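What follows is a single structure, written as structure tokens, with notes after it.
Protein chains: 2
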Amino acid sequence: MPALSIGQVAESSGVKVPTIRYYERIGLLAVPARSASNRREYGPDAIQRLRFIRHARELGFDIEAIRTLIEMQHHPAQSCEQADEIASAQLATVEDRIQRLTALKGELERMLTCCRHERVRNCRVIETLADHDKCLHEAH
Amino acid sequence: MPALSIGQVAESSGVKVPTIRYYERIGLLAVPARSASNRREYGPDAIQRLRFIRHARELGFDIEAIRTLIEMQHHPAQSCEQADEIASAQLATVEDRIQRLTALKGELERMLTCCRHERVRNCRVIETLADHDKCLHEAH
DNA sequence: CTAAGTGCTATAGCCGCTATAGGAGCAAGT
DNA sequence: ACTTGCTCCTATAGCGGCTATAGCACTTAG
Chain A
4 MPALSIGQVA ESSGVKVPTI RYYERIGLLA VPARSASNRR EYGPDAIQRL
54 RFIRHARELG FDIEAIRTLI EMQHHPAQSC EQADEIASAQ LATVEDRIQR
104 LTALKGELER MLTCCRHERV RNCRVIETLA DHDKCLHEAH
Chain B
4 MPALSIGQVA ESSGVKVPTI RYYERIGLLA VPARSASNRR EYGPDAIQRL
54 RFIRHARELG FDIEAIRTLI EMQHHPAQSC EQADEIASAQ LATVEDRIQR
104 LTALKGELER MLTCCRHERV RNCRVIETLA DHDKCLHEAH
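Line order of the protein sequences matches chains A and B. Residue numbers 4 to 143, in the working numbering, belong to the letters of the first sequence in order. Residue numbers 4 to 143, in the working numbering, belong to the letters of the second sequence in order.
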């Protein structure tokens, strides 16, 4: 079974080459073996690991959370309570962001629909930005 | 009318002191006069300007967009088309983010409800992260 | 044998702040 | 007058999570 180059691993995992090196530097990815000419040589498990990381990143988990999740993967017999906690916290964060963004969306829409598209002088967009009291939602 | 200190301006605008200095450095806020002892002295308009910036930041506009919006405020007779464009672009960005986050929310919820809260070995959270194919939504 | 491609390291930059260090000045209490 | 504590000043570094650049070594295809 031939060793995989960083380029091949990048290709199959969907993680870019410099990002892989970055993950190695911050200790998220195991330091691989090196060839005679000092190139990184990966086994196929590196691809799995990177896919795991990529998927977690796509779901918005930060590096520290991913570090913990990977650590847990190494202890399959342990309770997965902590994984649940991490995922729940992430869910709460996502829900909070959605709520905030939805409020912003409303305000942006109102700004835009109220604007009569004339002059800056009486542009509703500019007015609303200048005067927070013009917002209906006091959320922010 | 006495000049306002950076602390007073920060207080009334809701923008922190170091942030005000930062905005000055990047040319977003006009350079104020200085007292004999080299302290910044603001007029009341600085508070309005900072409130504008703060509100725009809260709505997710980036610094460059705000720079343009402020520039427009200085030309009240111009058409406000550009302000509309900036706000529309921001609305599109926000809508896109909401959509993505909603997809993530769904996946996180599925991860959590499928987990039987036992061992890491068969933890649905970990499994899902490891294998993207377990996602129903292929959005990401 | 050459040229393109891939790999390597080290370092700087991105955004929008925030924190830290090290100093000067001002206001109020003793 | 003195001290204490607050605000102010500058300059610089750090945050997260990469991404870009420079300058070199090596490999592979034609």
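All residues carry an ideal CB built from backbone N, CA and C; glycine is no exception. The model shown is predicted, which means the values in this text are computed figures rather than measured ones.
How is the alpha helix (DSSP H) around residue i delimited, first residue to last?
i, result
"F55 of chain B", "48-61"
"S15 of chain A", "9-16"
"I129 of chain A", "127-133"
In its own chain, which residues sit with a C-beta less than 6 Å from the C-beta of residue i, not counting the 5 before and 5 after it?
i, result
"A68 of chain B", "I89"
"A36 of chain B", "E44"
"A49 of chain B", "V12"
"I66 of chain B", "none"
"S38 of chain B", "E44"
Measuring only the C-alpha atoms, how far is residue i from residue j?
i, j, result
"R113 of chain A", "T96 of chain B", "16 Å"
"P79 of chain A", "V123 of chain B", "5 Å"
"Q81 of chain A", "A92 of chain A", "20 Å"
"G63 of chain A", "E110 of chain B", "11 Å"
"A106 of chain A", "V34 of chain A", "45 Å"
"D134 of chain B", "D87 of chain A", "17 Å"
"I56 of chain A", "L94 of chain A", "17 Å"
"R127 of chain A", "S16 of chain B", "21 Å"
"H77 of chain B", "G10 of chain B", "26 Å"
"T71 of chain A", "G30 of chain A", "12 Å"
"M75 of chain A", "E98 of chain A", "25 Å"
"T22 of chain B", "I23 of chain A", "34 Å"
"A6 of chain A", "R100 of chain B", "39 Å"
"R54 of chain B", "N125 of chain A", "18 Å"
"Y25 of chain B", "C83 of chain B", "28 Å"
"Q85 of chain A", "A59 of chain A", "15 Å"
"K108 of chain A", "K108 of chain B", "18 Å"
"S40 of chain A", "P47 of chain A", "21 Å"
What three-state label does DSSP hand residue i in the structure shown?
i, result
"V42 of chain B", "A quick correction: the sequence has Arg, not Val, at residue 42 of chain B. The answer is coil: DSSP assigns R42 of chain B none of H, G, I, E or B."
"R119 of chain B", "coil"
"R80 of chain B", "Per the sequence presented here, residue 80 of chain B reads as Ala, with Arg not at that position. Of the three classes helix, strand and coil, the one that applies to A80 of chain B here is coil, per DSSP."
"A36 of chain B", "strand"
"G30 of chain B", "coil"
"K19 of chain A", "coil"
"A106 of chain B", "helix"
"D87 of chain A", "helix"
"A68 of chain B", "helix"
"A92 of chain B", "helix"
Chain B beta carbons: is any one of them nearer than 8 Å to that of residue i?
i, result
"T105 of chain A", "yes"
"I23 of chain A", "no"
"S91 of chain A", "yes"
"S82 of chain A", "yes"
"A13 of chain A", "no"
"P79 of chain A", "yes"
"L67 of chain A", "Note that residue 67 of chain A corresponds to Glu in the displayed sequence, not to Leu. Judged by the 8 Å Cβ criterion, E67 of chain A is not in contact with chain B."
"C126 of chain A", "yes"
"I50 of chain A", "no"
Give me, in chain order, the residues of the same chain whose beta-carbon lies closer than 8 Å to that of residue i; leave out the 5 immediate sequence neighbours on both sides.
i, result
"K19 of chain B", "A13"
"S8 of chain B", "R42, R43, E44, Y45"
"R119 of chain A", "N125, R127"
"E61 of chain B", "none"
Spatial neighbours of residue i within its chain, please: CB distance less than 7 Å, with the 5 preceding and 5 following residues excluded, ordered by chain position.
i, result
"G52 of chain B", "According to the sequence shown, residue 52 of chain B is Arg rather than Gly. Excluding positions up to five away in sequence, the list reads L32."
"E27 of chain A", "V34"
"I129 of chain A", "V123"
Would residue i count as contacting chain A if we go by Cβ distances under 8 Å?
i, result
"I101 of chain B", "yes"
"R70 of chain B", "no"
"V18 of chain B", "no"
"L62 of chain B", "yes"
"L31 of chain B", "no"
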